[in-house]
Each structure stands twice: as C-alpha cells, then as structure tokens.
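Numbering (our numbering), first residue to last: -15 to 290.
What follows is the structure in structure tokens.
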C-alpha cells in the first residue's frame, strides 16, 4: 500500500511536491478553531495499516504544535502502521540550557511534547547550538539534512563570480563548506577590537574582490541583524551589493524589507518555510530521506504515551 502524505495547514505545497516525488497518496485533514479558541482536528483519509507522513514546518510553533500533536496522536489511535514527520524547520531549538535561574529549557520540553507521537523525524539544519546531535533532545529516530549542497548548486547557477563571506570566525566552517561545493572563494571578516565599544571590521584583501559578487549565507534569518551589519561593512569597503541567502526564512518583524534597505542586491531562501523569497528547493533532499525511512524499516512503531 502506498504511503499517505498529510499536510498540516500552510504546508500543502511542500506536501504535494513530496507526494509526487514519492509516488505516495495525498491525504487530507481538517483543522479549525472553535469559537473559544480550542483546536479541532479531523483526519479525512483512512490511515489504518498505512505509513503516514505528516508534513509540518514549525515556524510559529506555538500555533502549529497542538494541531500537529492532535493529528499524529489520532493517526496512531486509528491504526496507522507508522507516523513520520517531515519538519523542514524545527522550532524551539534556541533555549537548550538554563541561562538564568528558573528558566524553562524549552527545547527539551518541546521535544517531549512531540516525541511520543512520531516514529521518525526528518528536518533540515536544526539550530543545535551546544548540542552535538538532535538525538540528545529527540528520542524519535531523526534524519538531519543539510541545505549546503542545494545552496551551492543555486550559487553556481545564479551568481557570477561569487565570493562567500562569513561575518565572523564562528561562521568559517559553514561558509567554507558552501564555498567548496560552489567552487567559489570565501573570506571571513576580520575584527580588530580597540576597546570595549570600538571594533574595526575589515574585508581581507578587499581590492582583490571588487569584481566579485559577495554572497552571505546564514542558517536562520530572524531579525536579520547579522546580515544587515555585514552588508554595511561590505558596501563601505567598496564591494558590490551582496546576495543574501538564508536556509530558514523566519524574518521576524520587518527583517526582509530591512535587509533590502541595507543594500542587499537580492535575498533568497530555501523553501523550509513558505515565503516570497523562496528560490532554493529542498524537495529532492527531503524526498530522498523520506523514501529511505519508508523503505528501510529501521524505525519500528514506537509505543506512544497512553
């Protein structure tokens, strides 16, 4: 029997793409709000004996988590063979320790809310911070995919004479990997601290790069402050308007417009979160991982919380 792909609201395009690539069946569910704000979920496609693939990216996670849990739990209760989750952007990864007394370690709590209802998880470039692996947080078997090859392929096609730019030394590992895959050069901005509030930022060998197109790459573009500051440094150094690339288009507030106003020549993102800037397709990457999960049988049905 073909696997069944069920999109949560807002994930229909990604789910349709996965369904086509996998040769799966497109299922349907209904999500709506009662007048008092409670959530109603109904599965409209028979799931008994089926491998079910839920598709739900978790930006705005406070709104999205409860319908997702209701859908996953209901699929299990109604006899689904296994319930997997394709979640390109996995929210609540920031707070992974207690920085101040009394703080909630929200990444671990969020995982405990979702974990019991899924048999496997596929996600893209989660913000692991101090964690070395997603398995430190989630018990469900997880495939952590990386957007760097897709980003590099887009750069090769779309950007003439690209120069990958890292805003600081911490970004070098990520930037160098994309540059290698794109067959491009890269630089990391140099910071010279002259005092507590006096930091000079410079572009190494700046004259050498003035006929190149700078490319800024970040995993999560939220406020956009890092990109905006880096754009300013590049423009003051006489470089061309940069191309800004984000894996996850969170764009808090007016960040997308502010990046353009700062001098970006173009801002593009992967389609892990639906946004007008989406230009880099993660569909093939996600489909390959899901296909392997469905075929391998490596993640037998896990007992759910009663």
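In this text, a Cβ means the ideal position worked out from N, Cα and C, and glycines have one as well.
Everything numeric in this text was worked out from a predicted model, so none of it was measured.
query = According to the neighbour-count rule (16 or more other Cβ atoms, all chains shown, within 10 Å of its Cβ), is residue 191 buried or exposed?
reply = exposed
ask   = If we call anything under 8 angstroms between Cβ atoms a contact, is residue 247 one with residue 215?
value = yes
ask   = Do you know how far the Cα of residue 249 is from the Cα of residue 290?
value = Interpretation of residue 290 is limited by its pLDDT of 46, a score under 50 that renders its predicted location unreliable; the figure taken from the coordinates is listed afterwards. Spanning the two alpha carbons is a distance of roughly 53 angstroms.
query = With a Cβ-Cβ cutoff of 8 angstroms, do residue 10 and residue 25 count as a contact?
reply = no
ask   = Between the region 27 to 41 and the region 158 to 165, are three or more C-beta pairs nearer than 8 angstroms?
value = no
query = Roughly how many angstroms lie between the CA atoms of residue 252 and residue 96, to the nearest whole one?
reply = Residue 96 has its alpha-carbon roughly 33 angstroms from the corresponding atom of residue 252.
ask   = According to DSSP, which residues form a beta bridge with residue 169?
value = 147
ask   = Does the pairing of the region 225 to 235 with the region 258 to 265 give three or more beta-carbon distances under 8 angstroms?
value = The region 225 to 235, when compared against the region 258 to 265, does touch it at the 8 angstroms Cβ threshold.
ask   = Expressed to the nearest angstrom, what Euclidean distance is found between the alpha-carbon atoms of residue 59 and residue 269?
value = 25 angstroms
key: For residue 254, the nearest candidate out of 130, 44, 56, 244 (CA to CA)   = 130
inquiry  = Please report the straight-line C-alpha distance between residue 98 and residue 92, rounded to a whole angstrom.
reply    = Answer to the nearest angstrom: the Cα atoms are 10 angstroms apart.
inquiry  = Taking only three categories from DSSP, how would you classify residue 232?
reply    = strand
request  = Below 7 angstroms CB to CB, which residues in the same chain sit around residue 271 once its five sequence neighbours on both sides are set aside?
outcome  = 2, 5, 6
request  = Taking only runs that begin and end inside the region 63 to 120, name each unbroken beta strand (DSSP E) of 3 or more residues, in chain order.
outcome  = 66 to 70, 104 to 108
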